[in-house]
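A.B. asks: I'd like to ask some things about the structure below.
Protein chains: 2
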Amino acid sequence: MEPECGLAISARKVDYLKFILKTGGTVRTTEIASAFNVDPSTITKTLAEMSAAGYIKHVPYHGVSLTDSGKIHAEFLVKRHRILSLMLVRNGLTTQEACREASRFESLVSKDAIDRICHFMGHPRQGVCGEITHDEGCLTGYQMVSAPS
Amino acid sequence: MEPECGLAISARKVDYLKFILKTGGTVRTTEIASAFNVDPSTITKTLAEMSAAGYIKHVPYHGVSLTDSGKIHAEFLVKRHRILSLMLVRNGLTTQEACREASRFESLVSKDAIDRICHFMGHPRQGVCGEITHDEGCLTGYQMVSAPS
DNA sequence: TAAAAAAATTGGATTGAACCCAAATTATGG
DNA sequence: CCATAATTTGGGTTCAATCCAATTTTTTTA
Chain L
314 MEPECGLAIS ARKVDYLKFI LKTGGTVRTT EIASAFNVDP STITKTLAEM SAAGYIKHVP
374 YHGVSLTDSG KIHAEFLVKR HRILSLMLVR NGLTTQEACR EASRFESLVS KDAIDRICHF
434 MGHPRQGVCG EITHDEGCLT GYQMVSAPS
Chain V
314 MEPECGLAIS ARKVDYLKFI LKTGGTVRTT EIASAFNVDP STITKTLAEM SAAGYIKHVP
374 YHGVSLTDSG KIHAEFLVKR HRILSLMLVR NGLTTQEACR EASRFESLVS KDAIDRICHF
434 MGHPRQGVCG EITHDEGCLT GYQMVSAPS
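This is the structure:
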C-alpha cells in the first residue's frame, strides 16, 4: 500500500471525486459535465483515469460510483477542504474567502499536514462549510503510526 | 493596473522569481538552471515569458534582473511563503513541514488572503524561514482600499 | 416495438506549461 | 585570435484538461 500522501490526484479530479461523493450512488456523466460546465467526453476520459486509479467503478453508458477506497479517499478530500477552510477562517479570512482559497490549493496539501492541523485544532466536528468527520487513525494521532503494542 | 491578485504566475515561475530576488543583481541562466536541476534552455524560455510579463529584464547572453515591479512582486512572493509557513507552524506543523507544504501550494493563494492572514497575525516580523517585511498598504489594512479622506 | 431523441463513448486534435536535446551563436580568458 | 564556456534557437516530448464530430447505446414515446 502506498503511503497515501493525499497528493495523488489533480485539483480537477479532486473536484470530480468530491462531486461524486456529494451526489452519492451512481452518478451519470452528464451530471458531472453540467456541474462543471465541461463537455461530457471530457468527463468520460477523466473518469477512465480515475477508474484505472481505483477510485471509482465506471459502468459504461450507466455511470460511476465510488469504490470503497475511493469513498475513503473522497471523504478525506472533503475533510481536507473543511479543515483548511476552518484554519483560514481562524486566521482571519471570511467563510467565503476561506472556501474559495482552499478550493484552489487544497489538492496540494498532504494528508500528514492535514492530520497535524486537525490534531492541533482539536479535531473540530464543525467546519465552516459542513461537518468534519474523523477516522480513528486521525483521532489517535501520531503515536500510532506503528502497530499498537 | 491589474488588481494584482497574486495568482498571475505559475508555481515554477514563483520559484524562479524568488531565486532571482534571493540571488540579487544580475543572475545568469546557468545559475538558475543548476539551482533547479533543469536544462539551461528551459530557463531561457521561461525567462522570456517572465520578461514579456514585465517581471524581469533579460539581456540575452548576459543574464536577468528584476524590474521594479518584478522586485515588488518577488518580495510579495517571499512574504507569502513566510506568512503561510508561519500560519502552518502556528497550526501544528513543524518548520520543515510548513515550508515544504507552503512551497507546494503558495502559488495558489491570493494576495488578499495573505493580507488578511498577515493582518490577523499582527504583521509578524519574524517568520519561520526568515524575516517578514511589510509595506504600508498591508500595514494600514482594509479600511483604506478607497482613498483616505 | 420501432423510430426518434437523449446520453455516452470514441477518435482525433488542441492548448499551455514545463521540459530535453542538438545545433548555432555569443562571450571571454588565455 | 581562438578555444571553451555560456546561452539561445529550433525542434520535439509529455501530460492534463479540454473540445468537436462521429458513432454507439440507452431511453422515450408515438
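Chains L and V supply the protein sequences, listed in that same order. If you use our numbering, the first sequence corresponds to residues 314 to 462, in order. If you use our numbering, the second sequence corresponds to residues 314 to 462, in order. We put the beta carbon where it would ideally sit given N, CA and C, even for glycine. These numbers were taken from a predicted model, which means no experiment stands behind them.
(1) Considering just the uninterrupted stretch of the beta strand (DSSP E) at His371 of chain V, what are its terminal residues?
(2) Using a beta-carbon distance below 7 Å, is Val422 of chain L in contact with chain V?
(3) Give me the Cβ distance between Val391 of chain L and Lys331 of chain L, rounded to the nearest whole Å; I'm assuming they're in contact under 8 Å.
(4) Starting from the beta carbon of Ala387 of chain V, find every residue of chain L whose beta carbon is closer than 9 Å, and list them in chain order.
(5) Three or more beta-carbon pairs under 8 Å between the region 399-411 of chain V and the region 361-378 of chain V, yes or no?
(6) Just the C-alpha distance for Ile385 of chain V and Thr342 of chain L, rounded to the nearest angstrom, thanks.
(7) Taking 6 Å as the limit between beta carbons, can you name the residues of its chain near Gly376 of chain V, skipping five residues before and five after?
(8) Just to confirm my understanding: we take Val327 of chain V, look at its own chain, exclude 5 residues before and 5 after, and list those with CB closer than 6 Å. What are they?
(9) Which residue spans inside the region 331-402 of chain V form an unbroken alpha helix (DSSP H) run of at least 4?
(10) Using a Cβ-Cβ cut-off of 7 Å, state whether Phe349 of chain V counts as contacting chain L.
(11) From Ile427 of chain L to Ile322 of chain V, what distance separates their C-alpha atoms?
(12) Quick one, which of V:Arg438, V:Arg417, V:Val441 has its alpha-carbon nearest Ala324 of chain L's?
(13) Suppose you measure from the CA of Leu334 of chain V to the CA of Leu379 of chain V; what does that come to, to the nearest Å?
(14) Which residue comes first and which comes last in the alpha helix (DSSP H) that contains His432 of chain V?
(15) What first and last residue would you give for the alpha helix (DSSP H) that runs through Arg413 of chain V?
(16) Can you list the residues of chain L that Glu362 of chain V reaches, using a CB-CB cut of under 9 Å?
(17) Excluding sequence positions up to five away, which residues of its chain have a Cβ less than 6 Å from the Cβ of Gly383 of chain V?
(18) Count the other C-beta atoms from every protein chain shown that fall within 10 angstroms of the C-beta of Lys358 of chain V, then say buried if there are 16 or more, exposed otherwise.
(19) Run down chain L in chain order and give the residues with a C-beta less than 8 Å from the C-beta of Ala426 of chain V.
(20) Please state if the CB of Arg429 of chain L and the CB of Gly405 of chain V are separated by a distance shorter than 7 Å.
(21) Please identify, using Cβ separations under 7 Å, the residues of the region 327-340 of chain V that lie next to chain L, in order along the chain.
(22) Going by DSSP, what residues sit across from Glu444 of chain L in a beta bridge?
(23) By Cβ distance, which residues of its chain are closer than 8 Å to Ser423 of chain L, with the 5 residues on each side in sequence left out?
(24) Is it right to say Glu414 of chain V is buried, meaning 16 or more other beta carbons lie within 10 angstroms of its own, or is it exposed?
(25) By a C-beta neighbour count over all protein chains shown, 10 Å radius and 16 as the cutoff for buried, is Tyr374 of chain L buried or exposed?
(26) Consider the Cβ of Arg429 of chain V: report whether some Cβ of chain L lies at a distance smaller than 7 Å.
(27) In chain L, which residues lie with their C-beta within 7 Å of the C-beta of Arg417 of chain V?
(28) Could you list which residues in chain L have their beta carbon closer than 8 Å to that of His432 of chain V, in chain order?
(29) I'd like the list of long-range same chain contacts for Ala348 of chain L, defined as Cβ closer than 8 Å, with 5 residues on each side in sequence excluded.
C.D. replies: In terms of the structure at hand:
(1) Element bounds for His371 of chain V: 369-372.
(2) For Val422 of chain L, at least one C-beta of chain V is nearer than 7 Å to its own C-beta.
(3) The pair is a contact, with the Cβ atoms about 6 Å apart (cut-off 8 Å).
(4) Those within 9 Å of Ala387 of chain V in chain L number zero; the least Cβ separation is about 20 Å.
(5) The region 399-411 of chain V vs the region 361-378 of chain V: no contact.
(6) Going by the C-alpha atoms only, they are around 45 Å apart.
(7) Cβ neighbours of Gly376 of chain V within its own chain (closer than 6 Å, five residues either side excluded): Thr339, Val340, Arg341.
(8) Listed in chain order, the non-local C-beta contacts of Val327 of chain V below 6 Å within the same chain comprise Leu390, Ser420, local neighbours out to five positions each way being set aside.
(9) 342-349, 353-365, 381-402, all fully within the region 331-402 of chain V.
(10) No, because no Cβ of chain L sits closer than 7 Å to the Cβ of Phe349 of chain V.
(11) If I take the Cα positions, the gap works out to 26 Å.
(12) The candidate whose alpha carbon is nearest that of Ala324 of chain L is V:Arg417.
(13) Per the coordinates, the alpha-carbon of Leu334 of chain V lies some 7 Å from the alpha-carbon of Leu379 of chain V.
(14) 424-433 is the span of the alpha helix (DSSP H), which, as asked, contains His432 of chain V.
(15) Arg413 of chain V -> alpha helix (DSSP H) spans 408-418.
(16) Per Cβ cutoff of 9 Å: no residues; Glu362 of chain V is ~22 Å from chain L at best.
(17) If you ignore the 5 residues before and after Gly383 of chain V, its C-beta comes within less than 6 Å of the C-beta of Tyr368, Ile369, all in its own chain and listed in chain order.
(18) Counting Cβ neighbours within 10 Å, Lys358 of chain V comes out exposed, since fewer than 16 surround it.
(19) In chain order, Leu401, Leu406, Glu410, Glu414 make up the part of chain L whose C-beta sits under 8 Å from the C-beta of Ala426 of chain V.
(20) Yes, the pair counts as a contact, with Cβ atoms nearer than the cut-off.
(21) Taking 7 Å as the Cβ-Cβ cut-off, the region 327-340 of chain V has no residue approaching chain L.
(22) Bridge partners of Glu444 of chain L: L:Gln439.
(23) Excluding residues within five positions, the ones whose Cβ falls inside 8 Å are Cys318, Gly319, Leu320.
(24) By the neighbour-count rule (16 or more Cβ atoms within 10 Å), Glu414 of chain V is buried.
(25) By the beta-carbon neighbour count (other beta carbons within 10 angstroms, threshold 16), Tyr374 of chain L is exposed.
(26) Closer than 7 Å to the CB of Arg429 of chain V there is at least one CB belonging to chain L.
(27) What Arg417 of chain V touches in chain L: Leu421.
(28) For His432 of chain V, the neighbours in chain L by C-beta distance under 8 Å run, in chain order, Gly405.
(29) Answer for Ala348 of chain L: Phe332, listed in chain order.
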